[in-house]
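According to this note's numbering, the sequence shown holds residues 195 to 373 in order. C-beta: ideal position from N, C-alpha, C; glycine also. Just below is one structure, and these are the notes that go with it.
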Amino acid sequence: RFLRRIRTRFVEREAIAALPEPLHGYNPYQPGMVLFGLPSALFGVHWWTDARLYFALAAAACLIAAAGLLRGLAGKGPLLRAFQASVIFPVCALTFTTGGDDMPVAGLMVLALAFAARKRHLAAGLAIGAAGALKLFAWPVAVVLAFRVWKGADAPGALRRSLLGFAAPVAATMLPILL
195 RFLRRIRTRF
205 VEREAIAALP
215 EPLHGYNPYQ
225 PGMVLFGLPS
235 ALFGVHWWTD
245 ARLYFALAAA
255 ACLIAAAGLL
265 RGLAGKGPLL
275 RAFQASVIFP
285 VCALTFTTGG
295 DDMPVAGLMV
305 LALAFAARKR
315 HLAAGLAIGA
325 AGALKLFAWP
335 VAVVLAFRVW
345 KGADAPGALR
355 RSLLGFAAPV
365 AATMLPILL
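Below, the structure is given as structure tokens:
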């Protein structure tokens, strides 16, 4: 009612349908997301070929790996709170329970940050690159991660290794589509 009262032009369905085509054609999914649909494409539709199952498994594997990487850096309390924020926080818990396709992307982003905390810059770049190959919302995290590596790098070439790691999975999934 409030929007109608202030006469916002995108309230009515007809106004939204009249938007130019580029807005309708927006697709947040990158080519890497196809991997989660392969079991269903290869073996048919079964409970064990549902992409949501693989979304959850990939996210769980990334979070477990990140917890293992961070085990020596943080005490039990901070590590537990980080895990709770990743999984139990209401927004994240909703994503996990509804089987959202954001789960593996979020898991890979957490894993990338854990690798960066351990100064394993190539692995951090590969993890955030894999996330970027799945969905666009990982790209801003890649920029933040690159700045973190650039400002906190103690080894020469750390930023180069991180960017190379990012570029590898993105190029592997984007180039076949672009060519």
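- Query: Any idea if residue 296 is buried or exposed, counting beta-carbon neighbours within 10 angstroms, 16 or more meaning buried?
  - Reply: buried
- Helix, strand or coil at residue 345 [DSSP, three-state]: helix
- Spatial distance of residue 233 from residue 299 (CA atoms): 19 Å
- Item | Option nearest residue 254 by Cα separation, candidates 365, 333, 312, 280 | 280
- Query: residue 328 lies in the alpha helix (DSSP H); which residues open and close that run?
  - Reply: Looking at the DSSP string, residue 328 is not in any alpha helix (DSSP H), and its letter there is neither H nor E.
- Message: Tell me which residues share the same chain as residue 342 and place their Cβ nearer than 7 Å to its Cβ, disregarding the 5 neighbours each side in the sequence.
- Response: 310
- Task: Between the Cα of residue 302 and those of 244, 348, 251, 285, spot the shortest distance and give me the residue it belongs to.
- Result: 251
- Test item: CB-CB of residue 305 and residue 321 under 7 Å: yes
- Query: Nearest-angstrom Cα distance between residue 188 and residue 351?
  - Reply: What is shown of the chain runs 195 to 373, which leaves residue 188 out entirely.
- Message: Let's test the definition: count the other Cβ atoms within 10 Å of the Cβ of residue 372 and tell me whether it reaches 16, buried, or not, exposed.
- Response: exposed
- Message: Given this structure, state the Cα-to-Cα distance separating residue 265 from residue 283, to the nearest angstrom.
- Response: 21 Å
- So, using beta-carbon positions, are residue 359 and residue 326 closer together than 7 Å? no
- Nearest candidate by alpha-carbon position, reference residue 314, set 223, 355, 368, 285: 355
- Taking all protein chains shown into account, decide if residue 287 is buried (16 or more other Cβ within 10 angstroms of its Cβ) or exposed. exposed
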